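Quick note on our numbering: the sequence shown kicks off at -12 and runs consecutively.
Note that CB positions come from ideal geometry on N, CA and C, so glycine has one too.
Keep in mind the model is a prediction, meaning the values are calculated, not measured.
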Amino acid sequence: MLNNSIKLVNPLVFLDLASTDIDLKKARIVRISTIKILPDNTKIFVTNIINPEEEISKEAEKIHGISQKMVEKEMPFHKYSESISKHLAGCDLVGFGIKRFSLPLLRKEFRKSKTFFSTKNRSVIDLMRIYHRVEPRDFKSAYERFAKKNLDNYYDSQKRVEGMVEIMEGQMAEFNQIPNTISEIVKWINK
């Protein structure tokens, strides 16, 4: 269990949001799910489906599976805002991509509902940042993984472009789901 590896001082809330759009500027919350872990290891799961009072984009629906019909009879965020704020009060927050998307979206919804919410005096842990820290996603790391060798001179432009060829060859060899024509690769990347 988590408490065996991390000593909790504050309750820890794992937060996941589903939204109307992948563009933060357009997005509204359609689902908020949390697991709160108390210092005594008690777990509290809460999830709410929320009427965003806006259309859910087809792209977002493909990601989370929540349709317009599923939210039409639900209450809007402002009806939940006080209870959500109380549920999160005094808790440290954890999420995957939380700093890039979930937290800014949550702040936006709290502002719209005129409900106080602050991350001051609490820790926020982004699991995506941890993942990228322990498994870097940069040129050097890609070269080491897919070319299976170290990059001798990172600043040599010829070696870098030759390295790109080796990276692509390595990716094609490792991932059989990558199509074998350029036009199909472009379509696959942009799905």
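- Under the Cβ criterion (8 Å, minimum of three pairs), the stretch 94 to 114 does not count as touching the stretch 127 to 138.
- The alpha-carbon separation between I53 and V17 amounts to approximately 8 Å.
- Residue pairing of T102 in beta bridges, as defined by DSSP: absent, with no partner found.
- Given a length threshold of 3 residues, each whole run of the beta strand (DSSP E) inside the stretch 38 to 112 is given here in chain order: 79 to 82.
- Separation of C78 and K86 (C-alpha to C-alpha, rounded to the nearest whole angstrom) is 16 Å.
- In this structure, DSSP gives I9 a state outside helix and strand, which the three-state scheme calls coil.
- Of all alpha-carbon atoms in F162, K99, A76, the one lying nearest the alpha-carbon of K23 is that of A76.
- For K30, the beta-bridge partners assigned by DSSP are I24.
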